[in-house]
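Residue numbers (the working numbering): 106 to 409.
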């Protein structure tokens, strides 16, 4: 009963965070996930889905199949013997992690470099992957590592899409944030009356991602006190929001104060944060290689 009520609350907030973007983006071209990704997501959400069925469908996309095998054989998984069979890989990783990898693969394939002033694609993926790996480690404590990884990875997914497909209308807010060195969401709200977190949640809804992921994206700019007031007793949201508060690799003088507010709020301990930083740094390059992404050297963590 309690879980059912929580799901209903999350569903309502997922609707609220997306806003009325059907009207705002009436002529907006939403990037479509690859067909194989859509088919796999449909299968993976079928309670009767089996590892052989999933493996069979995965085999139709050599790139995705290769990524799954690279992941299962990575140091992050730590198997003693290499795996070359897709069905075995699916069994080892589990359908939930396969779904996370499938969505991640699909999104990284459709995101293009907008080639706009102030946007650096390698820095974008460095920040996104580092935050995802950081969140993945913190999410393990609650058995929510797949959702925290995906929510953090996609938290800023609207940025390259907006800069590519909606630049004429969006550029003023984006450039003001850079020139005046204010938080992007503040400039967006002031100029556009909406922000990229809402736009990202709307995209996630269009891609038929789960309500938890939609909420995680939509709420990632929230401060600890704002999250504490929400009737959403879910560990995913503060973890993803904490990762969003991490400084970017583009910052010449990175500030850790916004992130430290989540530490001070008690969402995780110093020990847990240190381990999350360590794991994120250790696995960043390998994970980026698995996804076919170019990344930079991540920032050194703060002294805790």
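Positions of the beta carbon are idealized from the N, C-alpha and C atoms, including for glycine.
Check	Outcome
Going by Cα to Cα distance, which pick from 343, 352, 354 is closest to residue 372?	343
Under 8 angstroms: do the region 246-260 and the region 218-236 share three or more Cβ pairs, one atom per stretch?	yes
Comparing C-alpha positions only, which one of 279, 297, 262, 243 sits nearest to residue 323?	262
Return the chain-ordered list of same chain residues with a C-beta closer than 6 angstroms to the C-beta of residue 138, the five sequence neighbours on each side being excluded.	211, 312
Taking buried to mean at least 16 other C-beta atoms within 10 Å of its own C-beta, is residue 390 buried or exposed?	exposed
To which residues of the same chain is residue 305 closer than 6 angstroms at the C-beta, ignoring the five residues directly before and after it?	262, 263, 322
Under the assumption that residue 198 contacts residue 216 (Cβ atoms under 8 angstroms), give the Cβ distance between them as a whole number of angstroms.	Contact flag wrong, Cβ pair sits at about 23 angstroms.
Taking only three categories from DSSP, how would you classify residue 140?	helix
Shortest alpha-carbon distance to residue 95 belongs to which of 302, 409, 133, 317?	Given that the chain is displayed from residue 106 to residue 409, the structure contains no residue 95 and the question cannot be resolved.
Measuring straight from C-alpha to C-alpha, what distance separates residue 181 and residue 285?	40 angstroms
Which same chain residues end up closer than 6 angstroms to residue 121 when comparing Cβ atoms and leaving out the 5 residues on each side of it in sequence?	Only weak support exists for where residue 121 lies, its pLDDT of 45 falling under 50; the coordinates are left without a value.
Just how far apart, CA to CA, sit residue 246 and residue 169?	28 angstroms
Would you call the region 289-303 in contact with the region 216-225, where contact means no fewer than 3 C-beta pairs closer than 8 angstroms?	no
Tell me which residues share the same chain as residue 249 and place their Cβ nearer than 7 angstroms to its Cβ, disregarding the 5 neighbours each side in the sequence.	340, 341
Let me know the secondary structure DSSP gives residue 401 once reduced to three states.	coil
Go through the region 201-261 residue by residue and report every complete run of the beta strand (DSSP E) that reaches 3 residues or more, in order.	none
Going by the beta-carbon positions, is the gap between residue 174 and residue 377 smaller than 8 angstroms?	no
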